[in-house]
Every structure is written in structure tokens, then in C-alpha cells.
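Q: Before I ask anything, here is the structure I am working with.
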Amino acid sequence: MNAQATGQRAARSAVLGTRLDDFDPEIAAAIDAEPARQRGTPETIAGENFVPLAVMRAQGSVPTNKYAEGYPGRRCHGGCEHVDVIERLAVDRVKQLFGAEAANVQAHSGAQADAAAMAVLLQPGDTVLGLDLAHGGHLTHGMRINLSGRLHKTAAYRVGEHDHRIEMEQVRKLAQEHRPKLIVAGWSAYHRRLDFAEFRRIADEVGACFMVDMAHLAGLVAAGLHPSPVSHAQVVTTTTHKTLGGPLEHVIAAKAVAFTMAAQPESADRQRRTLQGASILAERLPADDTRAAGVSVLAGGTDVHLVLVDLRRAELDGRQAETGCTGSASPSTATPPPSTRARRWSAPASASAPRPWPPAASGPRSSRRSPTSSPRPSCPASTTGPPTRCATASGS
692 MNAQATGQRA ARSAVLGTRL DDFDPEIAAA IDAEPARQRG TPETIAGENF
742 VPLAVMRAQG SVPTNKYAEG YPGRRCHGGC EHVDVIERLA VDRVKQLFGA
792 EAANVQAHSG AQADAAAMAV LLQPGDTVLG LDLAHGGHLT HGMRINLSGR
842 LHKTAAYRVG EHDHRIEMEQ VRKLAQEHRP KLIVAGWSAY HRRLDFAEFR
892 RIADEVGACF MVDMAHLAGL VAAGLHPSPV SHAQVVTTTT HKTLGGPLEH
942 VIAAKAVAFT MAAQPESADR QRRTLQGASI LAERLPADDT RAAGVSVLAG
992 GTDVHLVLVD LRRAELDGRQ AETGCTGSAS PSTATPPPST RARRWSAPAS
1042 ASAPRPWPPA ASGPRSSRRS PTSSPRPSCP ASTTGPPTRC ATASGS
């Protein structure tokens, strides 16, 4: 009996200790093929980045084995003393990084962070005012094809027909007309700075809460290269990927490392190179040869890490540009694929470590490392008193 038990334990240990190459060669092959794709193609997807090795090390580590429902010091499971340390560090670091009064780092994605914020701030049937999806907005900002638009009434502001910028007077008129309970500032495809102070004034005028989704801007804000919305909004949500360069998934230990990484001078330098690269692209695209081909840059330039290119007068469409650059069609265009007539080019991954990156696979795989309750933000009816600031860092 003892011999049989020993044999069973040995068999289990052999399975648990088997390298991925041997246990699941199909998955291993797909993983091993990905670095070559990333090294060999230009990365133009605004929502993607190359994660620092320290973040990858934290993400692929033993906290993945731990269940930790609840919050530090108030878990539903035992044995959380070390993950409590990790989560407290992540919270403290993101608060310090963005100057927030409170933070929650448990959301698995930006969509979940937005949904959690709306669940706190709104009741079903309340009205949400956000940027129109066809004009660069995001699905989670009150679009009818998303849960936010199914649970709530929606209204949308748009960019100007000629200058392609958000017109704050239009936002004010829509807010006065629809009296939303929540105004959302944030985007998926827009490349000019938002007037967070004016958004807040409009929200106060109509008694609405003001929320900013800074998913694309977080790294620029952390580096001091873009105005921060934290002092203006009651709630700020973000992802930890995109410009921030954190993990795409939800490992809190990796988030803590990413927040420290974002506070380093080297990170600010990387953000500067990101903006420089986007600016160079925006200056080059309106040259005579591209203009003759019908290509132009919306709004005449860019203030952030991406460039929106107008292809409506060009023979090239969005799908062809995607094929040529291995990028993705912009969600900002009202024309569905394959004939999209706008392209969203981005630079954060291009401003990462020098090529070759990510590192090529080498050596045996075994040696390679790669909500219950929380403070509820209030929405003051006037501008008196400091706003409640809550930054929710999510995984993607």
C-alpha cells in the first residue's frame, strides 16, 4: 500500500513538474512562435506594448496559486499574508504615481473597471454621456452594444466635422438637454488633449458625476507628459497595459512592479520617445507624396501617442493598411471592416527597448522566467470641496 501511494505521488509530481514543451507541445509551439512575430513586424496597435522583464517575472510567479477573495486584511481565505503585502504595495504605488486618494487594483480589465465604477455611481435607467463610438469613443462608455448601454440610457458627443476635435459647447448643450447622471471623458481613438477641467464644470452644472477613462494616457500621465485627470474627476479608471507597459492580465504582483517601473526616469524617457515618434509620423504623413495619394492626418497633428489617418480620399482602405502593417482597424470609424476609412497608428511599443525585443527563446523552458466592498466615491453637486479621487488600475 505504501509502495502504491508512493508511486501515485511520484506520478502526480511528474505531471506537475513537466515542462510545457513536453506536457502541451501545441501550446508551447504557439508561445515560442510569438516572439518572432513580435520582433519581425512593426507594432502599430495603440493598446499593445512590450512589457519589461521585471513585470513578466512578477506575472509568471507563485502568487498565481493563491486565491484571495476580498481585500487586504479582510479576505475570505486564509494564508493571504504575503499577497496582502503585494496588493497593499500595488495600491500604495498607484496612488502615489497618480496622486489618487484611493485605488482598487483588482479589476481584470478596463471594461470591468468601467463597469464597476458605473455600478457604484449609477442606477439602471440613468443616463450616461460619452464620446460616440464612431468618433473615437469606447464601447464601455455608454454604447448600446455594450452592457453600459443596455443598463443605462445613453447620449453621445462627437468630434467636429472640420477640425475633428471635441467641442466642449456641444458637450454642454447635450448635458443640459439629457441631464446625465454620469459624464465620461476618455477614448479609444482620439489624439488631442481633453479639457478635463471644463468637463468637470459641465458635470457640476447639471449635477452629474464625472469619470475619466485614461487607459491610453496612463503612462503619459505618470511621466508628467500629459495633464492628469485625477484632480478633476470623481473616478478615474485605467488599464495597466497600453502606454503604462504593465501586464495584459490581472496579476497584482506584476501591477505593483509596473507602477514602480512607471515612476523611474527611464520610463519618462521612453514616454518622451513615444511622443516624438508619433509626432514625427504625424509630420511625415501630410507630405506631398502621401497628400497626392489622398492620405491626411485628422485634426492636423497629434498630442498623444497615436495618429489618426484619414483614408476617405485614398485608394487604400483600413483593411489594406492593416494587411500591410499587421496592425488593427480603428474602432473609431463608422464604416465596418473590411472597408474602414481611418487608421490608428501608435508608437508606445516602438519606443521600447532596442531590437531584438522581446528576447528570443533560448535554453530549456524550465530555466526561463518569464469586488466585495470598497470606498464609494461621492459626486458633489457643486465645485465646493475637493473631489473624491479613485484610480482603478485594471489589467488590460
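Numbering (our numbering), first residue to last: 692 to 1087. We treat Cβ as the ideally placed atom computed from N, Cα and C, and that holds for glycine.
(1) At 4 residues or longer, and completely inside the segment 946-1024: list those alpha helix (DSSP H) runs for me, N to C.
(2) Do the segment 860-869 and the segment 783-800 meet, that is, are 3 or more Cβ pairs less than 8 angstroms apart?
(3) Sort out for me which residues DSSP pairs C900 with in a bridge.
(4) Does the beta-carbon of F714 have 16 or more other beta-carbons within 10 angstroms, so that it is buried, or is it exposed?
(5) Decide if the segment 907-916 is in contact with the segment 992-1004; the criterion is three or more beta carbon pairs, one per stretch, under 8 angstroms apart.
(6) Is D960 a contact residue of the ligand COA, with contact defined as CB to any heavy atom under 7 angstroms?
(7) Taking DSSP's pairing of strands, which residues face G761 in a bridge?
(8) Return the Cβ separation of A798 and A804 in integer angstroms, given the expectation that the two are a contact with Cβ distance under 8 angstroms.
(9) Extract the residue ranges of the beta strand (DSSP E) inside the segment 749-828, only unbroken runs of 3 or more that lie entirely within it.
(10) Measure the C-alpha to C-alpha separation of S890 and F741 and round it to an integer number of angstroms.
(11) Determine the DSSP secondary structure at A846, reduced to helix, strand or coil.
(12) Shortest alpha-carbon distance to F950 belongs to which of S970, A914, R963?
(13) Could you check where the beta strand (DSSP E) with V926 kicks off and where it finishes?
(14) So, do the segment 748-759 and the segment 773-782 have three or more beta carbon pairs nearer to each other than 8 angstroms?
(15) Distance, Cα to Cα, A846 vs D1008?
(16) Since V912 is in the alpha helix (DSSP H), which residue starts that stretch and which ends it?
(17) Is it buried or exposed, G828, if we count other Cβ atoms within 10 angstroms and call 16 or more buried?
(18) Are L935 and M902 touching if we call contact CB-CB under 8 angstroms?
(19) Check I718 in the structure and name its three-state DSSP category.
(20) For I857, list the residues DSSP reports as bridge partners.
(21) Anyone know if the C-beta pair for T928 and A794 falls short of 8 angstroms?
(22) Rank D712, H773, P956, L711 by C-alpha distance to the C-alpha of T755 and give the top, closest one.
(23) Straight-line CA distance for S1019 to R856?
(24) Who are the near neighbours of L911 in its chain, counting only those whose CB is closer than 6 angstroms to its CB and skipping five residues on each side?
(25) Apart from the five residues on each side of it in sequence, which residues of its chain come closer than 6 angstroms, Cβ to Cβ, to G851?
(26) Would you report the Cα separation of G1054 and V1000, rounded to the nearest angstrom?
(27) Grouping DSSP H, G and I as helix and E and B as strand, with all else coil, what is G708?
(28) Could you check if E734 is buried or exposed, using at least 16 other CB atoms within 10 Å of its CB as the buried criterion?
(29) Between G985 and R1004, how many whole angstroms is the CB-CB distance? I'm expecting something under 8 angstroms.
(30) Please go through the same chain and pick out, in chain order, the residues whose beta-carbon is closer than 6 angstroms to the beta-carbon of N837, but skip the five residues on each side of it.
(31) M952 and V796 - do their beta-carbons sit closer together than 8 angstroms?
(32) Suppose you measure from the CA of L885 to the CA of L813; what does that come to, to the nearest Å?
(33) Are W878 and L822 touching if we call contact CB-CB under 8 angstroms?
(34) In three-state terms, what does DSSP make of E940?
(35) Let me confirm a value: S1023 is counted as buried when at least 16 other C-beta atoms fall within 10 Å, else exposed. Which label applies?
(36) Going straight from the alpha carbon of P743 to that of G801, what length do you get?
A: The structure says:
(1) Counting only runs of 4 or more, we get 956-975, 979-983, 1009-1016.
(2) As far as the Cβ criterion goes, the segment 860-869 does not touch the segment 783-800, which means the pair count is below three.
(3) L873
(4) exposed
(5) yes
(6) Judged by which ligands are present, the structure shown has none, so any question about the ligand COA falls away.
(7) R766
(8) About 4 angstroms separates the two Cβ atoms, so the contact holds.
(9) 793-795, 818-822
(10) It is worth fixing the name first, because residue 890 is Phe in this sequence and not Ser. Taking the straight line joining both Cα atoms gives about 33 angstroms.
(11) strand
(12) A914
(13) Its beta strand (DSSP E) spans residues 926-930.
(14) Judged by Cβ distances under 8 angstroms, the segment 748-759 makes contact with the segment 773-782, as three or more pairs qualify.
(15) 29 angstroms
(16) 909-913
(17) buried
(18) no
(19) helix
(20) In the DSSP assignment, the residues bridged to I857 are V850.
(21) Their beta carbons are not under 8 angstroms apart, which means T928 does not touch A794 by this criterion.
(22) H773
(23) Only weak support is given to the placement of S1019: the predicted model assigns it a pLDDT of 41, under 50, and the question is left unresolved by the model.
(24) If we look at L911 and ignore the five residues flanking it on each side, its Cβ neighbours are H917, T934, Q962.
(25) The beta carbon of G851 is closer than 6 angstroms to those of E858 in its chain, skipping five residues each way along the sequence.
(26) Confidence is the limiting factor: at G1054 the pLDDT is only 42, short of 50, which leaves the residue's position unreliable and the question unanswerable from this model.
(27) Of the three classes helix, strand and coil, the one that applies to G708 here is coil, per DSSP.
(28) buried
(29) Contact annotation, G985 with R1004: C-beta distance approximately 4 angstroms; criterion of less than 8 angstroms satisfied.
(30) L830, T831
(31) no
(32) 23 angstroms
(33) yes
(34) Caution is warranted here: a pLDDT of 39 is assigned to E940, below 50, making its placement in the model unreliable, and the coordinate value is therefore given only provisionally. In the structure shown, E940 sits in coil (DSSP, three-state: anything other than H, G, I, E or B).
(35) Confidence is the limiting factor: at S1023 the pLDDT is only 41, short of 50, which leaves the residue's position unreliable and the question unanswerable from this model.
(36) 20 angstroms
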